[in-house]
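See structure below.
Number of protein chains: 2
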Amino acid sequence: MGLLVCPTGARAAAVFTTNKITSAAVAVSRRHVKSAKIFAVIVNSGNANACTGGQGVRDALKMCDETAKRILDFRFPIFDSKSKTQNPKSKISNRQLAIGNVLVASTGIIGHQLPMKRVLKGISDAAKSLSDSEKAGLDFAHSIMTTDTRCKQALAEVTISGKQVTVAGTVKGAGMIGPNMATTLSFITTDAVINRGLLSEAFKEAIGNSLNKLTVDGHQSTNDTAVILASGLAGNYPIVSRCPRYKKFTQALAGVCDCLVRQMALDAEGATRMFKVVVNGAATVAEASKAARAVADYPLVKCAIHGGDPNWGRIICAVGSSGVRLNQQKLSCKIGNITVFEGGRPKKFDAKKASSIILMPEHTITVDLGAGGCGSFCYGCDLSAGYVKINADYHT
Amino acid sequence: MGLLVCPTGARAAAVFTTNKITSAAVAVSRRHVKSAKIFAVIVNSGNANACTGGQGVRDALKMCDETAKRILDFRFPIFDSKSKTQNPKSKISNRQLAIGNVLVASTGIIGHQLPMKRVLKGISDAAKSLSDSEKAGLDFAHSIMTTDTRCKQALAEVTISGKQVTVAGTVKGAGMIGPNMATTLSFITTDAVINRGLLSEAFKEAIGNSLNKLTVDGHQSTNDTAVILASGLAGNYPIVSRCPRYKKFTQALAGVCDCLVRQMALDAEGATRMFKVVVNGAATVAEASKAARAVADYPLVKCAIHGGDPNWGRIICAVGSSGVRLNQQKLSCKIGNITVFEGGRPKKFDAKKASSIILMPEHTITVDLGAGGCGSFCYGCDLSAGYVKINADYHT
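Chains P and L, in that order, give the protein sequences.
For the first sequence, counting from 1, position 45 maps to 45 in the working numbering; every step adds exactly one.
For the second sequence, counting from 1, position 377 maps to 377 in the working numbering; every step adds exactly one.
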């Protein structure tokens, strides 16, 4: 169990899975995130609370309710770094806090009811050990892990209207990784003062360019959830329009999300390296995205990258197979900075050098479709025998 | 090199790749198949003649031209089983045969010009060894193989208006298998008398329900080609409408194509077993196909099947992720004849029995979306470490 609390209440925004089958936690949080203020996010890993019917929804609501009760009247050790004193707002009152001010996220095996006795005890224990220490942040990042081998965190600091604004986050999972359908949960916090509409807009864009640009095995789970909480404690001049302050904030947020997604890609099941596919010269941005994703999803490209093979043929074939408009006579492809295909024809290149680029932890494949002026990208990771082993040996 | 000849000339129909990047052979055969009669199909494996520019097209045309020349005035040993004599029509005359009456297909590595000297010698050698023996058919099936480990053939016989009509075929490949982008080539022959429009219609439907229903790694290559030649030598009452004779013919053709696709699935790279995904209760046939394909394409489903794991969660998740309309409260799933998910909830089942069904060479997964009355299906195969090994170790 992990518990994230914002004693002053935070403006919140969230992005959820597009899977038509969603967990009870997603159904509940989708409603709750519309509340004016969010005080807490409660997370459990090991059980997804998906395909669990009405009881699942009741359990998810009970998790929110129990969390609200446990954090009520609790004096949080919020430390004001300037005055070196406890923040007077550190106690949440009964009036402010209802069940709808708590979000819930679950990750793990689907089709099993939550063991509520253990869950409730977990919430109580988590509330008792709340802290604003660095270790507490790390503990939270650890608490949401399932088959992740590494804990993922990112931080950015930016000065907005003379005040230091911090954006920090953690993420778990990479694609549909185990134990069953658990997958991406991501929690970002910031102390920026920003209105809810812009927070939501900035977050959607940041997730669109990070978590939603990574494909490990091409599917979304029933539980994917990304949440941002903005406490407003930084005291910056409020961000209420698409002004330079907003731009600074979005850059910091994008940086955190991009850093998290790279950590995810490198920790994907069986992955030994990651890559970025950039598609330019597309007729539309949607077609550029589609082509980039087709390359990043293609098992033969993923295998070739695992083997360090500069196999442009598989890249070109994936692009052609994706159904997007292209001009075969203008089509080109680069691996890193090496042009391997140009004007619709293969180009002689140093295969050893290209191979050494592929064998790095991260490289970029660039494709120009020669059909327009739009571009997009996608992140992917290699496909190894390790992936098969993890997912074939696992038994429900 | 493989050479298929119909000395009397055949009505022909073909289905080609939908990849936007096509080989020179596909470009040429797309035009030639419109000819009234096709006398020969020349095939090479090892070089795809794709991404080879104008020279590639000239080489493909040269292959047709050379084939036409080599089979001209050649007395084919066509044996009339009734009269026990040589068929008088066994010689192709100059007047009948032009370059446009020959189809060409290539498979193999892309981006390399054909070694035309060797190719022309190959055509000459193939023409010299033409024969109607059973062994010749087997030789042809072997000649088109690339990384196939088994030669694939199928045959069906049916009586139409008192005459025995034969449909026979061969296929190579399974998905985007090696050496680089080579993939499906399929050649079907029949002696049925059938007009071209109906032949084309019957073939499209048969391929649509067989080769186009198999996914190994989800992509089409630059070279995919399926051709049917109908010699008309059976002498049945001509099939000129969607009459019972047409139905008999389409059943025989569907049987041959289905048999070939199953052989392909079981010989897919690294595959140890195959499966069929049947989706019912869809709002449209297209949505049923999309959902079935999403399940068959999903690496986690393929891994679970490799491991013999009745992991309904991954199946349900793939369906939900495919974006088709579904009713979560009516959703159900069966593995073989065992219901594992019903009314949107998991159902208790004998996991050992379900596992033993999955471990068979072929099993069926049935999903009901509860959203309508339409159905479709897809074939798939498991994903093993062998697939990764073959495709990561291979170097261009």
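For glycine and all other residues, C-beta sits at the position ideal for the given N, C-alpha and C.
Keep in mind the model is a prediction, meaning the values are calculated, not measured.
Exposed or buried, which one is Cys-243/L when buried takes at least 16 other CB atoms within 10 Å? The residue labelled residue 243/L in the question sits at position 243 within the second sequence. It counts as exposed.
- Task: List the residues that DSSP assigns as beta-bridge partners of Pro-478/L.
- Result: Residue 478/L is absent from the structure shown; chain L starts at 1 and stops at 396.
Interfacial residues, the stretch 126–145 of chain P to chain L, with Cβ spacing under 9 Å:
none
Handout entry: Buried or exposed by the 16-neighbour rule on C-beta atoms within 10 Å, applied to Leu-155/L
Key = For this step, residue 155/L is matched to residue 155 along the second sequence. With fewer than 16 other Cβ atoms within 10 Å, it is exposed.
Provide the residue(s) that pair with Phe-377/L in DSSP beta bridges, ordered along the chain. As a first step, residue 377/L is located in the second sequence; it is residue number 377 there, counting from the start. Looking at the DSSP assignment, Phe-377/L forms a beta bridge with Val-278/L.
- Find the residues of chain P that neighbour Ile-21/L, judging by a C-beta separation of less than 8 Å, and give them in chain order. On the second sequence, residue 21/L is found 21 positions in, with the first residue counted as 1. Ile-316, Cys-317, Val-319, Gly-320, Leu-326, Gln-328, Leu-331, listed in chain order.
Next item on the list: Could you please give the first and the last residue of the uninterrupted alpha helix (DSSP H) stretch that includes Pro-244/L?
Entry: The residue you call residue 244/L lines up with position 244 of the second sequence. First-last of the alpha helix (DSSP H) with Pro-244/L: 244–266.
With burial defined as no fewer than 16 other Cβ atoms inside 10 Å of the residue's Cβ, what is the status of Glu-287/P: buried or exposed? Within the first sequence, the letter at position 287 stands for residue 287/P. Looking at its Cβ environment, which holds 16 or more other Cβ atoms inside 10 Å, Glu-287/P is buried.
| With a Cβ-Cβ cutoff of 8 Å, do Ala-60/L and Val-104/L count as a contact? | The residue labelled residue 60/L in the question sits at position 60 within the second sequence. The residue labelled residue 104/L in the question sits at position 104 within the second sequence. Contact: yes.
Hey, how far is the Cα of Ala-385/P from the Cα of Thr-189/L?
What you label residue 385/P is simply residue 385 of the first sequence in a count that begins at 1. What you label residue 189/L is simply residue 189 of the second sequence in a count that begins at 1. If I take the Cα positions, the gap works out to 40 Å.
Review point. Can you name the residues that DSSP bridges to Cys-333/P?
Key: Numbered from its first residue, the first sequence carries residue 333/P at position 333. Phe-341/P, Val-367/P.
Give every residue of the same chain whose Cβ lies closer than 7 Å to the Cβ of Ala-127/P, excluding the five residues on either side of it in the sequence, and list them in chain order. Against the first sequence, residue 127/P aligns to sequence position 127. Hits under 7 Å: Leu-3, Arg-70, Ile-71, Phe-74.
Exposed or buried, Gln-220/P, counting other C-beta atoms within 10 Å across all chains shown (16 or more means buried)? One-based indexing of the first sequence puts residue 220/P at position 220. Buried, because 16 or more other Cβ atoms sit within 10 Å of the Cβ of Gln-220/P.
> Per DSSP, what kind of secondary structure is Leu-233/L in: helix, strand or coil?
Replying inline: Here residue 233/L refers to the residue found at position 233 of the second sequence. The answer is coil: DSSP assigns Leu-233/L none of H, G, I, E or B.
Per-residue DSSP class, three states only, for Val-5/P
Here residue 5/P refers to the residue found at position 5 of the first sequence. Strand.
Practice task
Quick one: give me the first and last residue of the alpha helix (DSSP H) that Ala-358/P is part of.
Solution key: Locating residue 358/P in the first sequence gives position 358, where the first residue counts as 1. Residue identity check: residue 358/P is Ile in the sequence provided, not Ala. It spans 351–358 - the alpha helix (DSSP H) in which Ile-358/P sits, taken as one unbroken run.
Kindly indicate if chain P contains any beta-carbon less than 8 Å away from that of Pro-115/L. By one-based count along the second sequence, residue 115/L stands at place 115. Answer no: the Cβ-Cβ gap between Pro-115/L and chain P never drops below 8 Å.
**Study point:** Residues of the stretch 202–223 of chain P with Cβ closer than 8 Å to any Cβ of chain L, in chain order
**Key:** Asp-217, Gly-218, His-219, Gln-220, Ser-221, Thr-222
Taking Cβ positions only, does Gly-9/P come closer than 8 Å to chain L?
On the first sequence, position 9 is the one that residue 9/P refers to. No, Gly-9/P does not count as interfacial toward chain L.
| query | Can you find at least 3 beta carbon pairs, one from the stretch 11–20 of chain L and one from the stretch 33–45 of chain L, that sit closer than 8 Å? | reply | yes
- Item | Beta-carbon separation (whole angstroms), Val-165/P vs Ala-234/P, contact threshold 8 Å | Residue 165/P sits at position 165 when you count from the first residue of the first sequence. Residue 234/P sits at position 234 when you count from the first residue of the first sequence. About 5 Å; that satisfies the 8 Å criterion.
Pick from Leu-326/P, Ala-230/P, Phe-377/P: whose alpha carbon is nearest that of Ala-397/P? As shown, chain P starts at 1 and ends at 396. That puts residue 397/P outside it, with no answer to give.
| said: Let's test the definition: count the other Cβ atoms within 10 Å of the Cβ of Ser-129/P and tell me whether it reaches 16, buried, or not, exposed. | reply: One-based indexing of the first sequence puts residue 129/P at position 129. The residue in question, Ser-129/P, is exposed, as its Cβ has fewer than 16 Cβ neighbours within 10 Å.
* Give me whichever residues DSSP pairs with Ala-202/P in a beta bridge. => In the first sequence, residue 202/P corresponds to position 202, counting from 1. Its beta-bridge partners do not exist; DSSP assigns none.
Handout entry: Chain-ordered chain L contacts of Arg-30/P [CB-CB under 7 Å]
Key = Taking the first sequence and counting its residues from 1, one reaches residue 30/P at position 30. Residues of chain L passing the Cβ test: none, with the nearest at roughly 15 Å.
* State the beta-bridge partners of Phe-10/L as determined by DSSP. => The residue given as residue 10/L occupies position 10 in the second sequence. Note that residue 10/L is Ala in the sequence shown here, rather than Phe. Ala-10/L pairs with Ile-38/L.
**Item:** Residues within the stretch 50–73 of chain P neighbouring chain L, beta-carbon criterion of under 9 Å
**Value:** Ala-50, Cys-51, Thr-52, Gly-53
DSSP on Glu-362/L, reduced to helix/strand/coil? Along the second sequence, one-based indexing puts residue 362/L at 362. Looking at Glu-362/L - three-state DSSP - the assignment turns out to be strand.
Alpha carbon to alpha carbon, how far is Asp-132/L from Lys-34/L? Give it in angstroms, no decimals. Taking the second sequence and counting its residues from 1, the one referred to as residue 34/L is at position 34. Taking the second sequence and counting its residues from 1, the one referred to as residue 132/L is at position 132. So the two alpha carbons sit approximately 26 Å from each other.
- [ ] Check the Cβ of Gly-232/P against every Cβ in chain L and list those closer than 8 Å, keeping chain order.
- [x] Taking the first sequence and counting its residues from 1, the one referred to as residue 232/P is at position 232. Chain L residues near Gly-232/P: none, gap ~36 Å exceeds 8 Å.
Check your understanding: Any contact of the stretch 208–216 of chain P with the stretch 252–267 of chain P, i.e. 3+ C-beta pairs under 8 Å?
Key -> yes
C-alpha distance - Thr-284/P paired with Gly-373/P, whole-angstrom precision | Start at 1 with the first residue of the first sequence, and residue 284/P comes out as number 284. Start at 1 with the first residue of the first sequence, and residue 373/P comes out as number 373. About 8 Å.
Determine which residues share a DSSP beta bridge with Tyr-106/P and list them.
For the purposes of this step, residue 106/P is identified with residue 106 of the first sequence, where counting begins at 1. In the sequence as displayed, the identity of residue 106/P is Ser instead of Tyr. Paired residues: Asn-44/P.
When we look at the beta-carbon of Tyr-246/P and count the other beta-carbons within 10 Å, is it buried (16 or more) or exposed?
-> Along the first sequence, read from residue 1 onward, the residue named residue 246/P stands at position 246. With 16 or more other Cβ atoms within 10 Å, it is buried.
Could you compute how far the alpha carbon of Gly-336/L sits from the alpha carbon of Ser-289/L? Here residue 336/L refers to the residue found at position 336 of the second sequence. Here residue 289/L refers to the residue found at position 289 of the second sequence. Taking the straight line joining both Cα atoms gives about 19 Å.
Exercise for the section: Starting from Glu-157/L, follow its DSSP beta bridges and name the residues at the other end. Expected result: For the purposes of this step, residue 157/L is identified with residue 157 of the second sequence, where counting begins at 1. The partner list for Glu-157/L (beta bridge, DSSP) reads Thr-166/L.
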